[in-house]
Structures are given as C-alpha cells and as structure tokens.
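Peer 1:
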Amino acid sequence: MKELTIISGKGGTGKTTVTAAFAVLAKNTILADCDVDAADLHLILTPTEISSADFIGGRGPQLDSEKCTRCGECQRLCRFDAIDFSEESGYSINEFACDCCGLCALACPEEAITMVDTINGRWFISATRAGKMVHARLGIGEDNSGKLVTLVRQQGKLIAQKEGFGLLINDGPPGIGCPVTAAITGVDLVLIVTEPTLSGMHDMERVHGLCRHFDIPALVCVNRFDLNLINSQKISDYCTEHNLTLVGEIPLDPVVNKAQVARLSVVEYECGLVSQVVREMWDKVEKELNL
Amino acid sequence: MIIAIASGKGGTGKTTIATNLALVTPASQYLDCDVEEPNGHLFLKPKISDKRDVTMTIPKIDEELCTYCGQCAAACEFNALAVIGKKVMVFSELCHGCGACMFICPEKAISETTKIIGCLEVGKAKAVATDEIDFAHGVSNIGNPLSPPIIKKVKKLVNNDCFAILDAPPGTSCPMVQTLMGCDYCLFVTEPTPFGLNDLELAVGVARQLEIPCGILINRSDSGDDQVQRYCQREAIPILMEIPFDRDLAFAYSKGEAAVIHSQSLREGFQKLHQRIVAEVEK
Ligand code: SF4
Ligand code: SF4
Ligand code: SF4
Ligand code: SF4
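Going line by line, the protein sequences match chains B and H. For what it's worth, the numbering used here labels the leading residue of the first sequence as 1, then goes sequentially. For what it's worth, the numbering used here labels the leading residue of the second sequence as 292, then goes sequentially.
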C-alpha cells in the first residue's frame, strides 16, 4: 500500500481543493483528513458516518477541592501558570493553560489531584462517493492534535490494508509543527501545494525543509500561478535547484469557489482549465507513486 | 489594548489584515504569534535590533547518582524518558520541560539543561504615517513540536499602552488558544465559502469559551455565498469590515507589499476598522 500526504505550510493555498479532486480521481483509495484542527474535506465529500469513537488524547488533572488544604504547593510548582486561586473557591485548574504534565498530581501532599483520561475529540469512519474516509474533530482548544493525526492515519492504513486498497491519501494540516510531522513521517510521497506569494514561498521552503529532515520525497504544485508570474518562476527555479518535480500550475479562477459552494471537487464541477490541470497533475502523481 | 487577529482557516488574509491595521494605527505594536509560519515581517520589513534564542528546559541525568529505578519515566506524561537497563534515555523532542521527572527522582539525579527551540526577533517597522511600529515575532525551529513556549515569550512583549496586534496561528488548537488568552478582543478574518464558515464557527467557539468578545472581517467578500453573513446575524456577531476580491491587491500581497500603501480607500477602510475595534472593546 502507498501513502500520499498533501501539505502546504501556509494555510489556504488550496490543499484541500487538490485533495478532494485527487480523492475523486483515484480509483483505489482510502482517505484520511489529517487536518484535525480545521477539517474541511468533509464539506466537499459529504460523508455518511459508518462508525465513530471518542479520542482519548491523554490524561489531565482533576482537583478535588474537598481534599485540598490550600497549601499552594501545586501552584508554586506548575510551570504553565495553570493553577488559579481565589478566596471563595480556592485552587482550581485552568484547562486552557494546563499542559497536562501531571506534576501537580505528583506533588500534592493530600492527593487532591488525580490524573484522569481526557476526551479530546471524536473520530469517524465514513462512506463518501470517493471511497471510505477517516476524519476527526478535535475538541475546541485541545492539544494533542499530533496524536489524533497519528490515529486517523493509522485507522486509514488499517482499512486500506484490510480491504485491499492500494493507496491512502492524507489531507495534511497546515504549518510545520507536530501535527504535520505526524502526517508525513513514513509516507511514500508528499505533495506540497503552494502559491506564488512571498508567504507561500517562504512556507514552502520550510515544509520542504521538514520533508528533507525526514527524508521523504516531495512534489510541488503551484496554485493561482498566474497571480504573480515572477514568483511562479522563482518557485520553478527553486524546484529545479532542489531537484523537486513541479507537477502542475493551477490558474487563479473564481470558479474554484463556486465548486466549493456546490460541494463538488474541481474535477466534478466544470472548472475548465483548472479541472484539466488537476487531472494532469494526478496522472503525474500516480506515476510517481508507481500505482 | 490587546487585539488578536485570528482565523480558523489559514490563508484567509489574517496577516494581511494584521499588518495593514498596524500600518495605519497610531502607536501600534505588531506581534507575530504564528511562530510556525511567521509572515508579518515580509510585509512590514522591520529593522531587527535584537535577536534572542528561545530555550526550554530539558532534564539531564547524572549517571553517577541514578539507580535506574524508573520512577522518572513512569512520571513523564509525554513518554520523553525511558529507562532501559543501565541507561536513561531522554527524547528531548517529546519533552515539555515540565519538571515532573526532576521532582520525582528519589536520588536527585536529575538536573536541567536548556535546549534552543526557536528565536525571538524585536525591532521597528515604518508605519504609513510618521511613527513607527513596534515589531516582534517568534520563529520556531524546524522540527520543534512545541510552539506555546515561544508564543508566551512573544506575548511578554505586549505593551498595554499601545494598540497591540497579535497575529494568531491558524486553527483552534493549543497555539491559537495560547495566543488569544488575555486579549481584549479578537477579530476573525474569514472567507464567504463553506470552508471559511466551517472553520470560523470552530474559532468563534474558542473565543466564546475564553469569554473574549469577537468580530468578523470578511475577506474576498464577493467570492462565495452569503452563509457567513447569515451566520453572523444568527449569532449576533458584528461584521466590522468586508473587503471584495481585488486582483491588484492580491498581486501586491504576492510581492510582499502592504495594500494600504497603495490604496487611499483601503487606508481609510483600515482606519475605520481600528475605530470600530476600539468602539467594540469600550462597549
Ligand atoms: S497541592 Fe494539593 S492540597 Fe496543596 S493547594 Fe494544591 S491541590 Fe490543594
Ligand atoms: S498538570 Fe501540569 S500544567 Fe496542568 S496544572 Fe498540573 S502542573 Fe500545571
Ligand atoms: S528517577 Fe532518578 S534514579 Fe530513578 S531512573 Fe530516573 S533519574 Fe534514575
Ligand atoms: S521535564 Fe517533564 S516532559 Fe520532560 S522528560 Fe521530564 S517529565 Fe518528561
């Protein structure tokens, strides 16, 4: 089984638009939406839920104020300023600031703090017109998105292996942090979707750095390439210089948003040149993956 | 006054809005908290006067004192320690620097050392008017999974006498929450598309949980449908500004140029935005 992850560094370059189109074009694939922070793939693929489960991301502290003697030890030790105090309600944990490190639970002389499993989100297996999809919703303000990405990918792999699918396509998260690392480690190929803006280029270099750090082969695609032809040329030069294949240049066209509003991928909605370029891109990616 | 400029979805123009707002607002401070992808400097082109490393603490084991009892590894919630035979391994990329292992070690065999996870750059940028913008951003090193400590360092620089603009990371997870905490107001930048709305709803959820008042700016307001407007109406969230798609502006952005430098009408638009934010905060 092969695994492809689509990332961008900078958000909003059209990563999910490309993923949704690839999902529809690929004949033998399972999908995993690894952008668990702001999952959008479901808006195009309109999944029907088959099963779902809680995501237990880790443990978090629970303070029993009955047992607390207000000694203040926990507050003094916590390195994340996550323990509040007020005269009326005593010591309490600020969930948003808490890093769930467990030090307060270890330190409390009264055993008033215990670490309990925390539900950080929910994950789903769904049916879509493009194949089965694993996706998730991270609770608001929750951490551990890296862990949830790993879980979503693993479930996608399991289904692909069990049901004999040859490919898993992961819609990756933005950025270069922990969730991105979780979405790309060990995959066969990464496609970086960028745009010819300084930010797009800057971030492309950073995610490319991450791919090199993990020794993962990468391809590049430029979205809205005609917005700035000079920058598109620079991206092309960067690719040549770093031996990266530039698999496609998608033109800027408002029709892409129309397709999104119609809940269709750009290869299902008539998007003219955009549809054509994305199809050609998919052919190249397919070859690169040796499918 | 501390204002966060955020967006659930990336690429809606958050940095464009934050930098342009900083450029037209008197006594403004621009602090880029999007430390994984800090891009504000591309538009503000600040003169950096000070650069410092951001470090975190990681444990250091004194093998002379260690009895390999394994308590440190059991205490670590992040699996950053492993005791294998007569060896304690520290996986520093998993460590959160919490100090639990050092606290628990019965032999006092653990001390701490520091590791560089990124840097902080501080300087001044030229504003459209006469004055200067206080600029700072954090930059997370490639491969560093922990951005909150860097964000905290950036936020320490907030000057409450200024109009402090925090450029927040995208999404709704820990780094974004870390940025929003303690802000007086949050402006969400969105697009009128299904993706934009979906991510906006999640982001508004964060502001509500943190009890931070918020408003919306719709960018490329003519490019999708009217669902964002309807949502704002339903939820009684004020729309502070709408900016239609403009190819020239998009082109200026692509070159790293701030829109307000070229367009008189946008300059006025952003001045109005500043006034509306101030009015909202003072409500
Ligand atoms: S350490 Fe325990 S007893 Fe002391 S203030 Fe904290 S919770 Fe209460
Ligand atoms: S678990 Fe850690 S971060 Fe959370 S309150 Fe306790 S000591 Fe602080
Ligand atoms: S807790 Fe201290 S003595 Fe025990 S294994 Fe860890 S470092 Fe060694
Ligand atoms: S400092 Fe905390 S996270 Fe780091 S190794 Fe020690 S217990 Fe684990």
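Glycine residues also receive a C-beta, built at the ideal position from the N, C-alpha and C atoms. It should be emphasised that the depicted structure is a prediction, and the values quoted were computed from it without experimental measurement.
#1: For residue 401 of chain H, verify whether its CB is less than 7 Å away from any heavy atom of ligand 3.
#2: Residues in its own chain within less than 7 Å of residue 396 of chain H by CB, not counting five upstream and five downstream?
#3: I'd like the list of long-range same chain contacts for residue 325 of chain H, defined as Cβ closer than 6 Å, with 5 residues on each side in sequence excluded.
#4: Which stretch, first to last residue, makes up the beta strand (DSSP E) that contains residue 346 of chain H?
#5: For the stretch 460-480 of chain H against the stretch 496-506 of chain H, do three or more pairs of beta-carbon atoms, one drawn from each stretch, fall closer than 8 Å, so that the two count as touching?
#6: Given a threshold of 16 other Cβ atoms within 10 Å of its Cβ, counted over all protein chains shown, does residue 20 of chain B qualify as buried or as exposed?
#7: Using 8 Å as the threshold, is the stretch 55-73 of chain B in touch with the stretch 117-134 of chain B, meaning 3 or more CB pairs across them?
#8: Residue 470 of chain H to residue 96 of chain B, Cα distance in whole Å?
#9: So, is the C-beta of residue 199 of chain B closer than 8 Å to a C-beta in chain H?
#10: Please classify residue 529 of chain H: is it buried, with 16 or more other beta-carbons within 10 angstroms of its beta-carbon, or exposed?
#11: Note down, in chain order, every chain H residue with its Cβ under 8 Å from the Cβ of residue 213 of chain B.
#12: Let me know if residue 290 of chain B comes out buried or exposed under the rule of 16 or more other beta-carbons within 10 Å of its beta-carbon.
#13: Starting from residue 115 of chain B, follow the beta strand (DSSP E) in both directions and report where the run begins and ends.
#14: State the Cα-Cα distance for the pair residue 488 of chain H and residue 41 of chain B, rounded to the nearest angstrom.
#15: So that I know if they touch, is there some Cβ in chain H lying closer than 8 Å to that of residue 147 of chain B?
#16: Please find out if some non-hydrogen atom of ligand 4 comes closer than 7 Å to the beta-carbon of residue 106 of chain B.
#17: So, using beta-carbon positions, are residue 464 of chain H and residue 283 of chain B closer together than 8 Å?
#18: Considering only their Cβ atoms, is the gap separating residue 260 of chain B from residue 348 of chain H smaller than 8 Å?
#19: Along the chain, where does the beta strand (DSSP E) that runs through residue 381 of chain H open and close?
#20: Would you call the stretch 222-235 of chain B and the stretch 249-264 of chain B touching, i.e. three or more CB-CB distances under 8 Å?
#21: Quick one: what's residue 320 of chain H bridged to in DSSP?
#22: Please state whether DSSP places residue 545 of chain H in a helix, a strand or coil.
#23: For residue 203 of chain B, go through chain H and note every residue whose CB falls closer than 7 Å to its CB, in chain order.
#24: Here's the rule: buried if 16 or more other CB atoms are within 10 angstroms of the residue's CB, otherwise exposed. What is residue 204 of chain B?
#25: Going by the beta-carbon positions, is the gap between residue 448 of chain H and residue 427 of chain H smaller than 8 Å?
#26: Considering Cα atoms alone, identify which of B/28, B/48, B/14, B/273 is closest to residue 35 of chain B.
#27: Taking C-beta pairs closer than 7 Å, name the residues in chain B that residue 544 of chain H reaches, listed in chain order.
#28: So residue 44 of chain B packs on residue 212 of chain B, CB below 8 Å; how close in whole Å?
#29: What does a CB cutoff of less than 6 Å around residue 156 of chain B pick up in its chain, not counting 5 residues either side in sequence?
#30: Which residue comes first and which comes last in the beta strand (DSSP E) that contains residue 510 of chain H?
#31: From the DSSP output, read off the bridge partner residues of residue 62 of chain B.
#32: Of all the residues that make up the stretch 260-272 of chain B, which are near chain H by a beta-carbon distance shorter than 8 Å?
#33: On the DSSP bridge list, what partners appear for residue 417 of chain H?
#34: Is the Cβ of residue 535 of chain H closer than 8 Å to any Cβ of chain B?
#35: At which residue ranges does the stretch 23-100 of chain B contain complete alpha helix (DSSP H) runs of 4 or more residues, listed in the order of the chain?
#36: If you draw a straight line from the alpha carbon of residue 140 of chain B to that of residue 554 of chain H, how long is it in whole angstroms?
Peer 2: In short:
#1: Working through the second sequence from its first residue, we reach residue 401 of chain H at position 110. Answer for residue 401 of chain H: yes, Cβ within range of ligand 3.
#2: Here residue 396 of chain H refers to the residue found at position 105 when the second sequence is read from its first residue. Around residue 396 of chain H: 362, 363.
#3: Locating residue 325 of chain H in the second sequence gives position 34, counting from the first residue. Result list for residue 325 of chain H: 458, 460, in chain order.
#4: Stepping through the second sequence from its first residue, residue 346 of chain H is reached at position 55. Here the beta strand (DSSP E) through residue 346 of chain H covers 338-352.
#5: yes
#6: Locating residue 20 of chain B in the first sequence gives position 20, where the first residue counts as 1. Residue 20 of chain B should be labelled buried.
#7: Taking 8 Å as the limit for Cβ pairs, the verdict is that the stretch 117-134 of chain B does touch the stretch 55-73 of chain B.
#8: For the purposes of this step, residue 470 of chain H is taken as the residue at position 179 of the second sequence. For the purposes of this step, residue 96 of chain B is taken as the residue at position 96 of the first sequence. So the alpha carbons of these two residues sit roughly 11 Å apart.
#9: Locating residue 199 of chain B in the first sequence gives position 199, counting from the first residue. Chain H contact via Cβ: present.
#10: Here the question's residue 529 of chain H lines up with position 238 in the second sequence. For residue 529 of chain H, the number of other beta carbons within 10 angstroms of its own is below 16, and it is reported as exposed.
#11: Within the first sequence, the letter at position 213 stands for residue 213 of chain B. In chain order: 433, 434.
#12: Counting from one through the first sequence, the residue named residue 290 of chain B turns up at place 290. The residue in question, residue 290 of chain B, is exposed, as its Cβ has fewer than 16 Cβ neighbours within 10 Å.
#13: Residue numbering aside, residue 115 of chain B sits at position 115 when the first sequence is read from its first letter. Counting along the chain, residue 115 of chain B sits inside the beta strand (DSSP E) bounded by residues 113-128.
#14: If you number the second sequence from 1, residue 488 of chain H lands on position 197. If you number the first sequence from 1, residue 41 of chain B lands on position 41. The straight-line gap from Cα to Cα measures roughly 13 Å.
#15: Translated into the one-based positions of the first sequence, residue 147 of chain B becomes position 147. Not an interface residue.
#16: In the first sequence, counting from the first residue as 1, residue 106 of chain B sits at position 106. For ligand 4, not one heavy atom lies less than 7 Å from the Cβ of residue 106 of chain B.
#17: One-based indexing of the second sequence puts residue 464 of chain H at position 173. One-based indexing of the first sequence puts residue 283 of chain B at position 283. Cβ atoms of residue 464 of chain H and residue 283 of chain B: not closer than 8 Å.
#18: Working through the second sequence from its first residue, we reach residue 348 of chain H at position 57. Working through the first sequence from its first residue, we reach residue 260 of chain B at position 260. Cβ distance not < 8 Å, so residue 348 of chain H and residue 260 of chain B don't count as in contact.
#19: Counting from one through the second sequence, the residue named residue 381 of chain H turns up at place 90. Where residue 381 of chain H is concerned, the enclosing beta strand (DSSP E) stretches over 379-381.
#20: yes
#21: Residue numbering aside, residue 320 of chain H sits at position 29 when the second sequence is read from its first letter. According to DSSP, residue 320 of chain H bridges with H/425, H/455.
#22: The residue given as residue 545 of chain H occupies position 254 in the second sequence. In the structure shown, residue 545 of chain H sits in a helix (DSSP, three-state: H, G or I).
#23: Residue mapping note: residue 203 of chain B aligns to position 203 of the first sequence, counting from 1. Residues of chain H passing the Cβ test: 328.
#24: Here residue 204 of chain B is taken as the residue at index 204 of the first sequence, counted from 1. By the neighbour-count rule (16 or more Cβ atoms within 10 Å), residue 204 of chain B is buried.
#25: Position 157 of the second sequence, counting from 1, holds the residue named residue 448 of chain H. Position 136 of the second sequence, counting from 1, holds the residue named residue 427 of chain H. Cβ atoms of residue 448 of chain H and residue 427 of chain H: closer than 8 Å.
#26: Sequence index remark: in the first sequence, residue 35 of chain B carries index 35 (1-based). Nearest C-alpha to residue 35 of chain B: B/14.
#27: Working through the second sequence from its first residue, we reach residue 544 of chain H at position 253. The contacting residues are 197.
#28: Here residue 44 of chain B refers to the residue found at position 44 of the first sequence. Here residue 212 of chain B refers to the residue found at position 212 of the first sequence. Contact doesn't hold; Cβ gap of about 31 Å is too wide.
#29: The residue labelled residue 156 of chain B in the question sits at position 156 within the first sequence. 30, 32, 134, 168, listed in sequence order.
#30: Residue numbering aside, residue 510 of chain H sits at position 219 when the second sequence is read from its first letter. It spans 505-510 - the beta strand (DSSP E) in which residue 510 of chain H sits, taken as one unbroken run.
#31: Residue mapping note: residue 62 of chain B aligns to position 62 of the first sequence, counting from 1. DSSP output for residue 62 of chain B lists B/114 as bridge partner(s).
#32: 260, 261, 263
#33: Taking the first residue of the second sequence as 1, we reach residue 417 of chain H at position 126. In the DSSP output, where bridge partners are listed per residue, residue 417 of chain H has H/423.
#34: Start at 1 with the first residue of the second sequence, and residue 535 of chain H comes out as number 244. No, residue 535 of chain H does not count as interfacial toward chain B.
#35: 41-45, 73-77
#36: As a position in the first sequence, residue 140 of chain B is number 140, starting the count at 1. As a position in the second sequence, residue 554 of chain H is number 263, starting the count at 1. Looking at the two C-alpha atoms, the distance is approximately 38 Å.
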